[in-house]
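Numbering (the UniProt record's numbering), first residue to last: 1 to 658. Every residue gets a Cβ at the ideal spot worked out from N, C-alpha and C, and that includes glycine. Every value quoted in this text rests on a predicted model; they were computed, and no experiment measured them. Inspection log for the structure reproduced underneath, given as structure tokens.
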């Protein structure tokens, strides 16, 4: 007991020293920022108005310095409340004594450059997450480091005060986790970095070289794993990537709000965030409304919808999300582009500058580029040819007139008649030159007008509205009855200028192929959360549009809401989209809810009679048993829900499920 009290006292002293160092770091940032601001003002004061470029440079540098200072200040202010959450005592192989390492959400160095807190993403911090007491190892940039871990100590630090500490072995780890899970949910989400479990840590630090697919049960920490994986990758590969190279695709705006709140805590708030619908709109231009996908879901669960209609909804949704449909779209693109190439030479003043065969070669030899990009390339090629040949053609145009004028000068007597004929030839030559210049200026645009304008949305609707065409492109994979249903739905949506959510990925694909996409759209790493309702086609199109195969895909097939358009198994993604080059992980442990709730959820899952669905294994934590309440109408259902919500509000128990 005396030893524990002494250690606690020593830890409090160490914490106070760390906090004082952080306060000094904040003062240093403030002082540096103030001196840089004054220096910039003095430089600007000594420059004249003509030194505009220098002024802009100074202002840009000053703004960057201020942003850097604000980022560091925010980091240090967070550290004031809780500079670290654990300590490990680690001795490298052959070392006489272990060294204590304190680990926090971000690294801290004192004014002399000494490391006082390690960032949780450093290689050595992996020892804390992945190992128990005893012989351990971790991978450093220089290779594998072996050693001995003699201490793992958790801290609970709030507002700069050490509330408790716990030395952890295998058994004590469960105790600490239960204590952490007992905190308020908001804090737990923000402080997840201190409770990351071994299996979660493996996913966070998984190699970047291959796509990663994670099947995680409800409450297994998928969202926080996705965010911490991005934070880890940005830290680890900071020389190769910037935060803007990363994109998170979340299922809805509620998730985006949560992500936006958590990312600054991880120091990676510049990461791009979007929902699939918003991403599709930014790529396609969004000149349409997206139909409420819950309408189909309501129809599928409604007893008023006949079984044939339900079957068609499911089959149409699966078809639009299939790789068969993607292959059909690829064929459709070829048809659209081949028929638009005019069988016509590019002629300027009677000279063939580009034959129709050369035009087709220029277009189709660059088939890897988007159609709009290929047309622009052809336009530039024609402009170069016009510029190259213009002077030569103009010389040929002038030559007959100049030869005739020279002949008159040499062979006709001076007089009014010769003068009149020469003036007439000069006027005709000048007129011909003027007509030639008028033909030159719009020549390329006039020729390019022979290519019909492509409207992605209209061309897509034209395809869907033609059942025979669809069946022809898809072969036996599409039966006429489903094609007719798809056509009918398309016509119905077109009248309202709407598209279904299943149409967004096909429209993105056509936009990429026919019009091209903005260079700011592609990403180098993509994390998709709650991906169970995505289709094969969505994954395949995202891979092409974003120009990367570095994906982290997280979801739970048991939580699929829109199963009629989602996937049944992750195998299809791994095999058909990523061609077998994929790492697959499973998370079975649920940290969110109690044993009673998860047992009830597993009972519900067993009714599906699908052994491939992963059942959750809850943390050893108990609570109230779920209740089943029977109602006879929707009205009673809403009233029962409202009564429960009001009861919880009155008890100040706020529930927020992400």
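Candidates the options: closest to residue i by CA position
i, options, result
"residue 615", "609, 605, 537 and 27", "605"
"residue 114", "125, 102, 121 and 123", "102"
"residue 580", "332, 210 and 596", "210"
"residue 407", "397, 419 and 396", "419"
"residue 446", "233, 11 and 386", "386"
"residue 9", "164, 363 and 93", "164"
"residue 582", "414, 572 and 589", "572"
"residue 432", "294, 497, 466 and 397", "397"
"residue 245", "547, 622 and 624", "547"
"residue 676", "25, 608 and 564", "Outside the modelled stretch of the chain, which goes from 1 to 658, sits residue 676, for which no answer is possible."
"residue 150", "104, 95 and 195", "95"
"residue 268", "112, 227, 289 and 622", "227"
"residue 90", "133, 294 and 282", "133"
"residue 626", "596, 646, 617 and 603", "596"
"residue 295", "562, 531 and 603", "562"
"residue 193", "270, 243 and 82", "82"
Residue i vs residue j beta-carbon contact at 9 Å
i, j, result
"residue 440", "residue 570", "no"
"residue 515", "residue 328", "no"
"residue 256", "residue 274", "yes"
"residue 3", "residue 126", "no"
"residue 79", "residue 32", "no"
"residue 148", "residue 93", "yes"
"residue 610", "residue 566", "no"
"residue 608", "residue 283", "no"
"residue 496", "residue 291", "yes"
Rounded separation between residue i and residue j - CA only
i, j, result
"residue 6", "residue 71", "37 Å"
"residue 584", "residue 591", "21 Å"
"residue 184", "residue 517", "Its pLDDT being 45, under 50, residue 184 is placed unreliably by the model, and the measurement read from it follows with that caveat. Straight-line Cα distance between these residues: approximately 44 Å."
"residue 374", "residue 442", "20 Å"
"residue 41", "residue 35", "10 Å"
"residue 119", "residue 492", "55 Å"
"residue 331", "residue 558", "35 Å"
"residue 73", "residue 632", "58 Å"
"residue 529", "residue 628", "30 Å"
"residue 657", "residue 639", "Because residue 657 carries a pLDDT of 45, less than 50, the predicted location of this residue cannot be relied on, and the following value inherits that uncertainty. Their backbone Cα atoms lie some 21 Å apart in a straight line."
"residue 612", "residue 455", "43 Å"
"residue 326", "residue 485", "18 Å"
"residue 359", "residue 379", "10 Å"
"residue 403", "residue 545", "60 Å"
"residue 117", "residue 104", "6 Å"
"residue 641", "residue 513", "48 Å"
"residue 502", "residue 288", "14 Å"
"residue 568", "residue 11", "52 Å"
"residue 704", "residue 253", "Residue 704 is absent from the structure shown; the chain starts at 1 and stops at 658."
"residue 637", "residue 630", "8 Å"
"residue 519", "residue 75", "32 Å"
"residue 22", "residue 111", "10 Å"
"residue 14", "residue 159", "15 Å"
"residue 382", "residue 352", "11 Å"
"residue 676", "residue 535", "Examination of residue 676 is not possible in this model, given that the chain is present from 1 through 658 alone."
"residue 155", "residue 239", "32 Å"
"residue 540", "residue 168", "44 Å"
Rounded Cβ spacing between residue i and residue j (contact assumed at less than 8 Å)
i, j, result
"residue 478", "residue 471", "5 Å"
"residue 235", "residue 121", "4 Å"
"residue 538", "residue 321", "7 Å"
"residue 259", "residue 232", "So it is not a contact: roughly 16 Å between Cβ atoms."
"residue 157", "residue 138", "About 25 Å separates the two Cβ atoms, so there is no contact after all."
"residue 526", "residue 336", "Actually they are not in contact, since the Cβ atoms of residue 526 and residue 336 sit about 28 Å apart, beyond 8 Å."
"residue 212", "residue 451", "Residue 212 to residue 451, Cβ: 43 Å. No contact."
"residue 129", "residue 225", "Actually they do not touch by this definition, with Cβ atoms about 12 Å apart."
"residue 363", "residue 347", "Contact flag wrong, Cβ pair sits at about 18 Å."
Residues bridged to residue i (per DSSP)
i, result
"residue 553", "213 and 528"
"residue 594", "For residue 594, which the question treats as bridged, DSSP gives no partner whatsoever."
"residue 115", "109"
"residue 618", "590"
"residue 564", "According to DSSP, residue 564 bridges with nothing at all."
"residue 294", "Per DSSP, none; premise fails for residue 294."
"residue 103", "86 and 118"
"residue 165", "155"
"residue 92", "147"
"residue 134", "149"
"residue 289", "498"
"residue 139", "144"
"residue 273", "248"
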